[in-house]
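Residue numbers (UniProt numbering): 1 to 259.
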């Protein structure tokens with residue numbers, strides 16, 4: 001699978017120009033979610049093509065979906081139908097907001113697994129990097145008359161405590177779910193994650209230092225059984241920085257590969 005370095009590259013790979021409904025601004029990257037700078041919590045953190053539509057998750061765990069379609073057959077014009085879900089906050093959402101305020105940040109990923117849409121929340125501590133990953137399942141509630149009138153169906157995120165028989169590989173725009181039984185030597189209920197940071201090369205000349213290098217320090221795997229993360233691949237088998245992007249995942253085999 002070709003490494004995905006940005007949402008714009010991902011959109012190019014699927015050969016589609018998507019026009020979102022925010023002031024007819026063309027979607028090219030996450031920061032262009034709307035025509036003007038909106039609240040930070042409303043900005044998207046990840047996108048996945050699922051169930052015939054493009055599902056976006058925002059920093060406040062909102063969900064917006066765009067379903068592609070076509071207008072008149074004579075002009076071949078693509079149209080996007082937009083639905084923003086009315087989200088019921090999960091019980092411990094406010095606790096996570098407290099974590100963001102004092103201890104670190106949370107990054108969210110979307111991944112399809114066994115026909116369900118999952119959200120993986122990655123807790124990155126200011127001191128120490130990624131320590132916890134949690135999994136939630138997207139659940140659409142029964143349609144009520146009020147929701148039918150407003151056009152905003154009700155939904156929430158339900159916790160998933162164990163990924164029986166499955167392992168997840170998460171990264172922006174390239175998250176995948178695999179059945180562990182198909183790959184001898186791999187265990188289930190493990191989440192593999194990449195380092196998404198950049199660092200400056202302090203050993204190079206001033207001109208070269210202006211070009212950031214990819215960081216390889218905060219990458220590893222999280223075991224849901226033990227609720228613990230560890231560096232993976234082992235630190236003695238990878239550099240701390242690189243000119244190349246961090247490993248991404250083969251869709252044909254659940255293993256890391258260098259891009």
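A virtual CB, placed ideally from N, CA and C, is assigned to each residue, including glycine. Remember, predicted model here, so these are calculated numbers, not experimental data.
Cβ-based neighbour list, residue i, same chain, cut-off 7 Å, excluding 5 preceding and 5 following
i, result
"residue 50", "112 and 117"
"residue 238", "216"
"residue 103", "125 and 126"
"residue 199", "212, 213, 215 and 241"
DSSP-derived helix/strand/coil call for residue i
i, result
"residue 163", "coil"
"residue 42", "helix"
"residue 68", "strand"
"residue 150", "helix"
"residue 189", "coil"
"residue 101", "helix"
"residue 90", "coil"
"residue 114", "coil"
"residue 184", "coil"
Beta-bridge pairing of residue i - partner residues as DSSP gives them
i, result
"residue 214", "198 and 242"
"residue 261", "Only positions 1 to 259 of the chain appear in this structure, which leaves residue 261 out of reach."
"residue 47", "56"
"residue 85", "Partner(s): none; residue 85 has no beta bridge."
"residue 130", "124"
"residue 177", "168"
"residue 156", "88 and 139"
"residue 62", "DSSP, once it has assigned bridges, lists no residue as partnering residue 62."
"residue 108", "121"
"residue 221", "192 and 230"
"residue 79", "69"
Cβ-based burial, residue i [other Cβ within 10 Å; buried from 16]
i, result
"residue 187", "exposed"
"residue 69", "exposed"
"residue 157", "buried"
"residue 150", "exposed"
"residue 44", "buried"
"residue 79", "exposed"
"residue 144", "exposed"
"residue 185", "exposed"
"residue 167", "buried"
"residue 24", "Any answer about residue 24 is weak, because its pLDDT of 28 lies below 50 and its placement is not dependable; what the coordinates show is given next. So residue 24 ends up on the exposed side."
"residue 93", "exposed"
"residue 108", "buried"
"residue 274", "Only positions 1 to 259 of the chain appear in this structure, which leaves residue 274 out of reach."
"residue 161", "exposed"
"residue 183", "exposed"
"residue 122", "buried"
"residue 235", "exposed"
"residue 195", "buried"
"residue 189", "buried"
"residue 115", "exposed"
"residue 171", "buried"
"residue 52", "exposed"
Neighbourhood of residue i by C-beta, 6 Å cutoff - its chain only, sequence neighbours within 5 removed
i, result
"residue 62", "87"
"residue 222", "133, 191 and 229"
"residue 129", "218"
"residue 175", "109 and 111"
"residue 65", "53, 55 and 83"
Residues near residue i by beta carbon distance below 8 Å, same chain, minus five either side
i, result
"residue 155", "63, 85, 86, 87, 88, 138, 139, 140 and 141"
"residue 227", "132"
"residue 243", "213 and 214"
"residue 165", "179, 180, 181 and 188"
The ligand COA heavy atom lying under 6 Å from the CB of residue i
i, result
"residue 183", "The ligand COA is not part of the structure shown, which contains no ligands of any sort."
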